[in-house]
Amino acid sequence: MFTLCTTAESISLALEKLLDAEYVFLDCEGRDLGCAPGALSLISIGTPHAAEVYLFDVLALPQDSLQLLFNSILSLTPSARAKTKVVWDGRMDYVELFYSHSCPIENVLDLQLIDVLSRAKRGETEHRRLCRFVRRTFPMSEVRKLQLEEVYVLNGMDDAMREHKIDGVEMKNGKFPKLLIIPEFYSSMSIGYIQHLSKSFTQTIYPRYGCSVLFRTNFLIMQPAISNA
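Just add 500 to wherever you are in the sequence shown, counting from 1, and you've got this note's numbering.
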């Protein structure tokens, strides 16, 4: 379940829960995020274990309420900057928040990168790494001609869920076509998937770390950089 926040009052109630959270799960939805014609429509934030999921309607909320969210949770105060934001493929989310809303999020843990780091721990061979590049129109004979040292194929979230054998969770590209799912439900599902993947990593790939320690380990914290060029 999720709580849709469209008013200043609903923002205040959500912040009461989110301010106490050691870390949060973050996902953004919209049109062509990170691109010139793009537009952010929903910011989804979940508490640890996705116990509470809040969907912030960017189009409906007044700017001062959005600014309160940015200041308190995402970026613009020391406490917000210190709070870890756990994402999956947060590149375009970061760009959209930075360039369209002047909100450069810090202390980001991108589980898509953790997925890549986990492959060696799971015993992935060099041959298997190269096989990830193979497509019907791009056979292994062509892959081997390229210089692909230290180049990795990124998983989408659904593919990662299958690869890590996370069962009992409905895939977003499964039985329900995306166009038949209301945006709010679709966005809240993303937070649930990120939570399931983080749980899998902490329990099976990095079992000696608790969640809070894992999310604070410098080896795993990915800090996006913005060029001034």
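Glycine residues also receive a C-beta, built at the ideal position from the N, C-alpha and C atoms.
Beta-carbon separation (whole angstroms), Leu576 vs Cys603, contact threshold 8 Å: Going by Cβ atoms, the distance from Leu576 to Cys603 rounds to 7 Å, so yes, they are a contact pair.
Residue environment, Gly623, which counts as buried when at least 16 other CB atoms sit within 10 Å: Exposed, because fewer than 16 other Cβ atoms sit within 10 Å of the Cβ of Gly623.
Straight-line gap, Glu509 to Leu561 (C-alpha atoms, nearest Å): Within the model, the alpha-carbon separation for Glu509 versus Leu561 is close to 10 Å.
Closest residue to Phe556 among Ala550, Phe570, Pro548 and Leu609 (Cα-Cα distance): It is Phe570 whose Cα lies nearest to the Cα of Phe556.
Three CB pairs or more closer than 8 Å across the region 543 to 555 and the region 615 to 633: Result no; under three Cβ-Cβ pairs closer than 8 Å.
Nearest residue (CA-CA) to Glu663, options Pro537, Glu649, Thr704 and Arg581: Here the closest residue by C-alpha is Thr704.
Leu654 - containing alpha helix (DSSP H), residue span: Where Leu654 is concerned, there is no enclosing alpha helix (DSSP H), because DSSP gives it neither an H nor an E.
Simplified DSSP state of Glu624, which is helix, strand or coil: Here Glu624 sits in coil by DSSP.
Among Glu650, Ser687 and Ile511, nearest to Ser572 - alpha-carbon criterion: For the residues Glu650, Ser687 and Ile511, the minimum Cα distance to Ser572 belongs to Ile511.
Within the region 545 to 620, ranges of the alpha helix (DSSP H) (whole runs, at least 4 residues): Secondary structure in the region 545 to 620: the alpha helix (DSSP H) runs of 4 residues or longer, each lying completely within the stretch, are 563 to 569, 578 to 582 and 591 to 601 in chain order.
Distance, Gln695 Cα to Lys645 Cα: Approximately 38 Å between the Cα atoms of the pair.
C-beta contact flag for Tyr523 and Leu597 at 9 Å: Their beta carbons are not under 9 Å apart, which means Tyr523 does not touch Leu597 by this criterion.
The beta strand (DSSP E) enclosing Leu504, as first and last residue numbers: Start and end: Thr503 to Cys505.
Spatial neighbours of Arg632 in its chain, beta-carbon cut-off 6 Å, leaving aside the 5 residues before and after: Answer for Arg632: Val653, listed in chain order.
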